[in-house]
Every structure is written in structure tokens, then in C-alpha cells.
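Numbering (the UniProt record's numbering), first residue to last: 1 to 234. Contents: one structure, followed by commentary.
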């Protein structure tokens, strides 16, 4: 990940970009850079233990993150022209506005609709009630938390999809090492080596392939009273 950084943050400290301030060309390898409402960060490269936090009303443009670097975008914050490389993490909800690209393609979140994100290394997306996410990839320690609706999610090893009461998921694929925790509704789920725990939710047309685990009314440790399934194929 290349950089023409003029500002180097590697001492673990916290720097705040306040209203009306602009910081550019920053290499952030340890510590936190916080962009407050009315502040702006441009051309920031985040790696290692670095963390760029864009608060509500803040703006980040042309951010690169990877190799354990983290970008978090608060509700009402904006981060555009992002480049996510291997090992990077992004954390946000569907009230943020973002766009960019990663090794698997392009992604965006705007006006309650999220598409194409790659979530790994502790990165997560919270899909709020009435909002929608689709074509999300969940990898090592990536999480998708759904109170709205989601579809076409791929959960790979170490990823976790959680659908809460009132949330809905359709056409999701749970691969080896992936986990699907369901307390809402799900349809047309393919368990291709992963685990699905129906924790009082409702699922239909679930396909369980060899080596997969499907649990109804339990997560393997605790019992839940009201899980329902129909058209389960094993």
C-alpha cells in the first residue's frame, strides 16, 4: 500500500480534526485519528494498529486501509473513494455514506442501502430497521447484524451473519466455518459446510449439504422455545 504521506502517526496517540480543519496525506500506523463534525481528512493511509474514526458530520476522502488498519464511519458521516486492501476492517451502519473498492469489487452504502461490502478482521455492518443490504461477503471475524433485510450474503470461514427479530434474510450461502444465527426470518439458505442456529426464528427452503450443521431451537449450548422451519432439505 503506497503513500506520499506528509504526516506520520505511529506513537499511539489520538489526534482530532475539528470543525473547519482539513488534514491531508497522513500515514496512520498506530493510534487514532478522529474527524469531528465539519472536519475533513484526505489521503489517509491506515495500517497496523491505526484507526481512522469519522464522526457524525465528518468527511474522509481517499482513505486507504489494510494490514489490520481500521476505518469506522459513524451514522451521518461520509467516507468516499475508499481503497480497502487485504487485512483491513470497516465498521459502520446503513446510516453512513460510503463508497469505494476492495479486492472483490466495488461497494457502497447510501440512503439505507448497502451493497458489495467485504467485512473481515472485526469489520461489521449494522443493517437498521427498514434498510437493506445485499451482496455482502463475510470473512475472518466479519459480521453482518440485520434488523432490516438482506440478501445474497456469502459467509466464509470466520464470518457471522446475525438476523434479529424483525429482520429478514434470503438467498444466503453459509460456507465451511461460517455461522448464521437466526432470530428473525430466512428463506432459501444454502448451508454449504457452515453452521445455522435457528434461535426462535423462522426459516424456509433451507438446504443442508454434507458436513453442515443445522440446529433448531438451540445454539448448541442454550435452548430456545419457538424455532420454526419448513421445507428443510438434507
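Using N, Cα and C, we set each Cβ at its ideal position, and we do this for glycine too.
My assumption, with CB atoms under 8 Å, is that residue i sits in contact with residue j. Please give the rounded CB distance.
i           : j           : result
residue 150 : residue 126 : About 11 Å; that fails the 8 Å criterion.
residue 119 : residue 144 : 6 Å
residue 101 : residue 83  : 6 Å
residue 130 : residue 142 : That belief does not hold up - the Cβ atoms of residue 130 and residue 142 are roughly 23 Å apart, past 8 Å.
residue 24  : residue 38  : Going by Cβ atoms, the distance from residue 24 to residue 38 rounds to 16 Å, so no, they are not a contact pair.
According to DSSP, what are the bridge partners of residue i?
i           : result
residue 80  : 61
residue 87  : BP columns for residue 87 are empty, so no partner.
residue 195 : 179, 213
residue 169 : 150, 186
residue 202 : 185, 228
residue 238 : Outside the modelled stretch of the chain, which goes from 1 to 234, sits residue 238, for which no answer is possible.
residue 49  : 30
residue 97  : 78
Helix, strand or coil: how does DSSP classify residue i here?
i           : result
residue 3   : Low per-residue confidence applies at residue 3: pLDDT is 47, beneath 50, and the placement is therefore not dependable enough to give any value.
residue 23  : strand
residue 229 : strand
residue 115 : strand
residue 176 : coil
residue 188 : coil
residue 266 : Outside the displayed span of the chain (1 to 234) sits residue 266, for which this structure offers no information.
residue 210 : coil
residue 29  : strand
residue 10  : coil
residue 92  : strand
residue 70  : strand
residue 105 : strand
Between residue i and chain C, is the shortest Cβ-Cβ distance under 8 Å, so that the two count as touching?
i           : result
residue 119 : The displayed structure is made up of one protein chain only, and chain C is not part of it.
Examine the Cβ distances between the stretch 48-62 and the stretch 104-121 and report whether three or more of them are shorter than 8 Å. no
Could I get the ranges of all uninterrupted beta strand (DSSP E) runs contained in the stretch 114-167, with 3 residues as the minimum, in chain order? 124-127, 132-134, 143-146, 149-151, 160-163
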